Amino acid sequence: LIQLFVPLNALGFVYREIRQSLVNVERLFALLGDKSAIEDAADAKTLSVGQGEVAFRDVHFSYRPDREILKGVSFTIPAGHTVAVVGASGAGKSTLARLLFRFFDVNSGSICIDGQDVRQITQDSLRTAIGVVPQDTVLFNDTIYNNLAYGRPSASEEEVHYAARQANLDEFIQSLPDGYSTKVGERGLKLSGGEKQRVAIARVLLKNPPILILDEATSSLDSISEQVILDALNEVSRQRTTLVIAHRLSTVRDADTILVMEQGAIVESGAHSELLEQNGYYARLWQQQQHNVDEPEQK
Ligand code: ATP
């Protein structure tokens with residue numbers, strides 16, 4: 303399938319990109335058949351998700367031996383809660399998501415879902431339990447309907463339309479020349495960043511996983527598009543254990559807990575109002591945002 307839109311010699315590059323950005327990982331991983339990818343333990347069990355609690359315990363991690371990226375990170379996302387991670391570019395936010403998805407293994411410490419260490423469960427069952435709304439969604443050269451149904455190919459037409467409505471995408475699709483049959487992707491209609499993100503949200507709604515990773519888009523959206531996306535994100539994260547990787551502050555305000563990361567460590571944590579009271583790094587970021595019409599990148 304992937305060969306339909308990338309030349310063979312670009313596969314290595316594409317693989318790295320996928321690994322980096324969490325794009326539609328479940329299937330593309332299998333298709334690319336990378337030998338160096340993490341392997342299941344010989345006695346790996348199927349993940350049994352009860353409530354869906356996610357716990358990082360004293361996690362240390364480095365991509366390369368000479369540079370530690372996570373320096374003892376601990377936090378718990380209680381079942382059904384939303385934890386958002388903010389911090390400067392390069393602080394290690396996306397790395398948390400990559401480790402939860404087990405693209406890499408921790409050097410020490412552990413990551414558990416309902417008490418089961420991700421290294422002890424099959425990757426298939428792990429990735430079935432986790433939905434990802436990536437920064438940039440891959441669209442296939444196919445109809446918008448099939449692009450949505452990719453979230454769960456067995457879904458009925460009614461379910462696909464319902465997911466599109468919940469993702470605030472239905473009205474847009476109805477306005478297209480061929481409605482749900484409109485071709486999108488490289489050789490079809492190009493969707494905007496916000497529309498693509500809503501496709502990802504609809505796919506996750508169809509997949510219906512108990513755990514969710516939202517890797518917030520870095521590009522700015524106008525305030526109307528942003529509100530539409532925020533509404534859709536609220537819909538998708540409701541009742542799911544959610545880890546938000548926030549490159550801007552727009553989605554974090556309503557999170558149950560916000561973790562502030564600096565150079566691989568959590569330096570502040572709490573709800574939005576608590577963090578403002580602490581008057582530390584988060585409060586400075588927030589004030590900075592209030593003074594800018596265009597929200598600045600977190601630096
Ligand atoms: P941003 O907000 O810019 O996306 P981030 O906080 O999500 O930043 P990470 O992507 O987690 O940051 O990266 C943390 C650090 O790890 C960075 O210094 C980055 O250069 C480094 N890093 C990320 N991926 C790799 C990799 N595959 N190999 C080596 N170093 C990496």
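Numbering (UniProt numbering), first residue to last: 303 to 601. Glycine residues also receive a C-beta, built at the ideal position from the N, C-alpha and C atoms. Please read all numbers here as calculations on a predicted model, not as lab measurements.
Problem set entry | Boundaries (first-last residue) of the beta strand (DSSP E) holding H362 | V356 to F363
Problem set entry | Assigned secondary structure, T484 (DSSP; H/G/I helix, E/B strand, else coil) | coil
For this session: Note down the Cα distance separating D336 from A381, rounded to an integer number of angstroms.
Result: Because the pLDDT of D336 is 48, which lies under 50, any placement of that residue in the model is unreliable, and the number read from its coordinates should be weighed accordingly. Answer to the nearest angstrom: the Cα atoms are 33 Å apart.
Exercise. In three-state DSSP terms, what is A346?
Worked result: coil
Exercise. In three-state terms, what does DSSP make of T543?
Worked result: strand
Problem set entry | Pair within 9 Å by beta-carbon distance, Q425 and I340 | yes
Exercise. Excluding five sequence neighbours on each side, which residues of the same chain lie with their C-beta closer than 7 Å to the C-beta of Q589?
Worked result: none
Problem set entry | Distance cut-off 8 Å: S391 Cβ against heavy atoms of the ligand ATP | yes
Exercise. Within the present structure, is the beta-carbon of H362 separated from the nearest heavy atom of the ligand ATP by less than 8 Å?
Worked result: no
Problem set entry | Any non-hydrogen atom of the ligand ATP within 8 Å of T397 CB | yes
Problem set entry | Limits of the beta strand (DSSP E) - the one that V388 falls within | T384 to G389
For this session: Give the C-beta separation of V486 and L441 to the nearest angstrom, bearing in mind that I take them to be a contact with Cβ-Cβ under 8 Å.
Result: 5 Å
Problem set entry | the ligand SAH heavy atom lying under 8 Å from the CB of G394 | Because the ligand SAH does not appear in the structure shown, any question about it cannot be addressed here, the ligands present being the ligand ATP.
Exercise. From S483 to Y452, what does the alpha carbon distance come to, in whole angstroms?
Worked result: 14 Å
For this session: Could you pull out every residue in the same chain whose Cβ sits closer than 8 Å to the Cβ of V554, ignoring the five residues on either side in sequence?
Result: A386, V388, V546, A548, I560 and H574
For this session: Mind checking which residues open and close the beta strand (DSSP E) that includes T378?
Result: L372 to I379
For this session: Say yes only if the C-beta of R366 is nearer than 8 Å to one or more non-hydrogen atoms of the ligand ATP, and no if none qualify.
Result: yes
Exercise. Looking at C-alpha atoms only, which residue of R489, C414, K509 and Y464 is the closest neighbour of S456?
Worked result: K509
For this session: Would you list the one or two residues that DSSP bridges to V435?
Result: L516
Exercise. Which residues mark the beginning and the end of the alpha helix (DSSP H) in which I446 is found?
Worked result: I446 to A451
For this session: Run the proximity test for R404: is its beta-carbon closer than 8 Å to any non-hydrogen atom belonging to the ligand ATP?
Result: no
For this session: Would you tell me roughly how many angstroms separate the C-alpha atoms of D438 and T397, rounded to the nearest one?
Result: 17 Å
Exercise. If you draw a straight line from the alpha carbon of I515 to that of G433, how long is it in whole angstroms?
Worked result: 6 Å
Problem set entry | Inter-stretch contact (C-beta, 8 Å, three-pair minimum) for the region 344 to 360 and the region 411 to 418 | yes
Exercise. Under a three-way DSSP split, which group does V562 fall into?
Worked result: strand
Problem set entry | Boundaries of the beta strand (DSSP E) in which E570 is found, first to last residue | A567 to G572
For this session: Mind checking which residues open and close the alpha helix (DSSP H) that includes G411?
Result: Where G411 is concerned, there is no enclosing alpha helix (DSSP H), although the beta strand (DSSP E) it sits in stretches over S410 to I415.
Exercise. Using DSSP with H/G/I as helix, E/B as strand and the rest coil, what is R429?
Worked result: helix
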